[in-house]
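Below is one structure, written out as structure tokens; the observations come after it.
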Amino acid sequence: GWKMEDVLDEEIKVIQGKVGPEDHVICALSGGVDSTVAATLVHKAIGDRLHCVFVDNGLLRYKERERVMETFERDLHLPVTCVDATEQFLSKLKGVVDPEMKRKIIGKEFICIFDDFAQRLERDLGKKAVYLVQGTLYPDVIESCPPPGSGRTHSHTIKSHHNVGGLPKDMKLKLIEPLKLLFKDEVRELGRILEVPSAFLKRHPFPGPGLAVRVLGDVTEGNALEILRQVDEIFIQSIKDAGIYDTIWQAFAVFLPIRSVGVQGDQRTHSHVVALRAVTSQDGMTADWYNFEHKFLDDVARKICNSVRGVNRVVQDITSKPPSTIEWE
Ligand code: XMP
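In full-length UniProt numbering, the protein residues as written are 207 to 535.
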């Protein structure tokens, strides 16, 4: 491995060399580890010429916007503007069921918002944004556009990660991707050096397209997103309470676009099915499903069915990657 202190110094120099004295930089903050570490690094390199934007695309987890904005302001002292684009995203996603199509639409909307943000910066403050920071990691690069000689070609692209393959060709902003050669554990180490709070660095990865890849099918159908948020929150909180959050690479719930028959009280129900997924992994490239204790699963399933209206069945995903991917779409 590399020494992360050296990587940091090197990256800071590269960014300072690249960004001209009159240039401004926009950073898309997702609230995840990668974009937060990338923003903190760029902030160190160019100070207040960095302008962060956090987009509420309506595909965030339970209370995520409030929680994340508070951390940015209170603990990280990063200058962040929050844009509420819920309607903009959800209206574009209405009726769309193809997973790749969903990813492409979301990637495109993000870029529209960043372009808008850049225009406003120039019009209102006379600051010219030239670059966009993205927290792209090495595994994202490999899986979206495999390098030559890796044995994969573009036609075998597994998924268009929104921050790599999904970007439109006509985007005006140029990219800065300071983490592009790093794996997740290296990014966490970089974050420690940059004094990003450790609770933040331990957060499980969350995909750019958000809950859109965890509601199978049309994300705007019924109250799928709201149900998923409640189920996911119960699952994650239970994992934290059990003291096993840090031993899991990633855990989340998935909303399935089907109904099953159940019985609650003496009433027949015809309600939604949710799946629970938890995996261990080193870098997200391969993963093993996480083996919970029976008691834990039993408690979580009961809690979900008892407290989330519209759910009468909980299943667990017991596949590893490969043959599955971590996300369901
Ligand atoms: P998969 O599902 O491909 O996921 O096995 C591997 C890791 O990548 C995350 N992931 C994404 N991250 N934008 C991201 O920033 C995306 O479009 C995206 N898709 C998947 C996933 O959560 C897992 O950690």
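C-beta atoms are modelled at their ideal positions from N, C-alpha and C, and glycine is treated no differently.
What you are looking at is a predicted structure, and each value in this text was computed from that prediction instead of being measured.
Near residue i, which residues of its chain fall below 6 Å by C-beta distance, leaving aside the five closest residues on each side in sequence?
i	result
T359	With a pLDDT of only 40 at T359, under the threshold of 50, the placement of this residue in the model should not be trusted, and no figure is reported.
T486	W455, D494 and Y496
G516	I433, S477 and H478
S356	Residue placement at S356 cannot be trusted, given a pLDDT of 45 that sits under 50; what the coordinates show is reported in the next sentence. Nothing meets the Cβ criterion.
V303	G423 and D424
P463	L422 and G423
A244	V339, G341, P384 and L385
First and last residue of the alpha helix (DSSP H) that includes residue i?
i	result
residue 562	Since the first and last residues shown for the chain are 207 and 535, residue 562 lies out of range.
F441	A430 to D447
D321	P305 to L331
V239	V239 to I252
I221	M210 to K224
K501	H500 to S513
V274	E270 to T277
I399	K390 to I399
Is it true that the CB of residue j sits closer than 9 Å to the CB of residue i?
i	j	result
P285	D262	no
M491	I348	yes
R409	G238	yes
G387	L396	It should be pointed out that residue 387 corresponds to Leu in this sequence rather than to Gly. No; because the gap between Cβ atoms is not below 9 Å, this pair is not in contact.
Q522	L482	yes
A418	K308	yes
T287	H257	yes
R465	D438	no
P415	L265	yes
A484	A457	yes
V393	D281	no
Q325	D391	no
R508	F412	no
V274	A234	no
Only counting the same chain, and skipping five residues up and downstream in sequence, which positions put a Cβ closer than 8 Å to that of residue i?
i	result
R474	V467 and G468
F441	A457, F458, A459, L482, V506 and I510
For residue i, report the span of its beta strand (DSSP E) as first-last.
i	result
T475	Q473 to T486
K334	K334 to V339
F458	Q456 to Q470
F260	L256 to D262
I348	No beta strand (DSSP E) contains I348, which is instead part of the alpha helix (DSSP H) from Y344 to S350.
R519	V517 to Q522
K378	No beta strand (DSSP E) contains K378, which DSSP labels as neither H nor E.
T287	V286 to D290
L417	Where L417 is concerned, there is no enclosing beta strand (DSSP E), given that its DSSP letter is neither H nor E.
I232	D229 to L235
Got a sec? Which residues, its chain only, sit under 7 Å from residue i by beta carbon, not counting five neighbours each side?
i	result
D290	D262
K334	E228, D229, H230 and E328
I450	none
I311	K298, L299 and V302
L407	V239, R394, G397 and R398
Q470	N518
(request) Flag this pair as touching only if the region 340-351 and the region 378-387 have three or more C-beta atom pairs under 8 Å; answer yes or no. (result) Segments in contact, yes.
(request) Answer yes if the region 433-448 comes into contact with the region 501-508, meaning at least three C-beta pairs across the two stretches below 8 Å, and no otherwise. (result) yes
(request) Examine the Cβ distances between the region 515-532 and the region 394-403 and report whether three or more of them are shorter than 8 Å. (result) no
(request) Report yes or no: do three or more beta-carbon pairs, one from the region 313-326 and one from the region 285-297, lie closer than 8 Å? (result) yes
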